[in-house]
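Numbering (this note's numbering), first residue to last: 29 to 360.
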């Protein structure tokens with residue numbers, strides 16, 4: 029009987045062991061399934077600096093951030109900011125990892141020129157350019173302003189302090205024989221600029237952003253918006269002196285305008301800190317340029333791998349981004 033009892037106990041112990049092992053194994057498989065792939069708990073949290081809510085960077089940044097989050101091991105959080113120049117300084121300080129910028133402002137940052145005079149930023153590299161940022165000189169029919177020269181003596185927003193818009197405004201005024209002393213310059217964001225035009229506190233505003241720009245669209249809902257054209261000879265002079273500009277055109281129907289408007293543009297781009305892992309940046313670059321069909325913003329149609337190296341000048345690509353474009357056979 030003792031032997032039978034012992035054998036019975038052994039059988040019971042073996043059965044319990046098998047049940048526990050089965051339960052434990054099942055639990056491990058469930059955890060692995062929940063945390064596998066790009067939905068794992070080890071995603072790296074990264075900040076994407078955009079711009080003000082009335083511009084293009086902010087809404088587009090939300091869509092780009094989602095694409096990268098959905099397709100990589102990065103969890104992207106878009107943040108509002110003062111746009112290009114402020115974004116470069118934030119990257120310098122190590123307080124974010126990715127940012128939108130105008131190509132000209134990123135170049136100034138690396139070279140230590142303009143607003144970065146004597147203080148170059150050496151911890152940033154490019155992912156790639158994404159779309160043209162159009163320089164828009166915005167006013168309304170009731171202002172009577174028909175040319176850049178008509179701005180003399182007027183109250184004009186030249187962009188938020190430290191923004192790329194400010195530099196664009198100063199360079200365009202220069203080409204037209206004017207300086208900031210010839211106007212009543214106001215340092216306003218896009219939303220503040222269009223609110224100021226709406227209320228009559230300012231007469232016009234420089235806005236550098238992808239068209240259509242949210243703040244200008246809002247203004248056009250209640251006003252007859254006018255975008256001041258730039259003459260061909262002035263555009264040529266501007267490009268000769270500042271070669272990162274290119275000719276651009278705002279098509280009729282935008283903001284309700286009745287005919288095409290000749291203007292200029294710089295490129296918008298994405299910048300990252302050098303410290304980001306090469307493989308992660310490769311995956312981010314690939315995710316962005318191969319999922320542009322998921323971008324519903326109007327600027328999505330301009331984002332292509334084939335044009336991503338345009339306007340970067342001498343700015344270095346992050347090794348992860350360079351790897352992606354090399355695989356695609358894309359060179360400047």
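We put the beta carbon where it would ideally sit given N, CA and C, even for glycine.
- The alpha helix (DSSP H) runs of length 4 or more contained entirely in the segment 218-251 are, from start to end of the chain, 218-227 and 242-248.
- When only Cα atoms are considered, residue 301 and residue 174 end up about 43 Å apart.
- With three or more CB-CB distances shorter than 8 Å, the segment 148-158 counts as touching the segment 341-350.
- In this structure, the straight-line span from the alpha carbon of residue 208 to that of residue 214 is close to 10 Å.
- A distance below 8 Å separates the beta carbons of residue 283 and residue 248.
- Between residue 133 and residue 192, the CB-CB gap stays under 8 Å.
- Taking C-beta separations shorter than 6 Å and ignoring five residues to either side along the sequence, the partners of residue 218 in its chain run 80, 82, 83, 235 and 243, following chain order.
- The continuous alpha helix (DSSP H) containing residue 353 extends over residues 347-356.
- CA-to-CA, the gap between residue 293 and residue 160 works out to about 6 Å.
- Contact check for residue 136 against residue 111 fails: the beta carbons are separated by 8 Å or more.
- Only residues of its own chain outside the window of five on either side were considered, and among them 87, 88 and 91 have a CB closer than 7 Å to the CB of residue 325, listed in chain order.
- Looking at the backbone, the Cα of residue 338 and that of residue 165 are separated by about 24 Å.
- Its Cα nearest to that of residue 172, the residue 252 stands out among 360, 252, 298 and 319.
- In this structure, residue 340 lies away from residue 312, with their beta-carbon atoms at least 8 Å apart.
- Under the criterion of beta carbons closer than 8 Å, residue 233 and residue 222 qualify as touching, at roughly 7 Å.
- In terms of CA proximity to residue 273, 197 leads the group 97, 310 and 197.
- Each residue's CA atom was taken as its position, placing residue 201 and residue 176 some 7 Å apart.
- Secondary structure at residue 213: strand, using DSSP grouped into helix, strand and coil.
- The beta-carbon separation of residue 212 and residue 182, rounded to 7 Å, stays under the 8 Å limit for a contact.
- Residue pairing by DSSP places residue 72 opposite 102 in a beta bridge.
- Here residue 103 is exposed, its C-beta having fewer than 16 other C-beta atoms within 10 Å.
- Contact check for residue 216 and residue 185: beta-carbon distance about 4 Å, within the 8 Å limit, so the pair qualifies.
- Between the alpha carbons of residue 203 and residue 262 lies a distance of about 6 Å.
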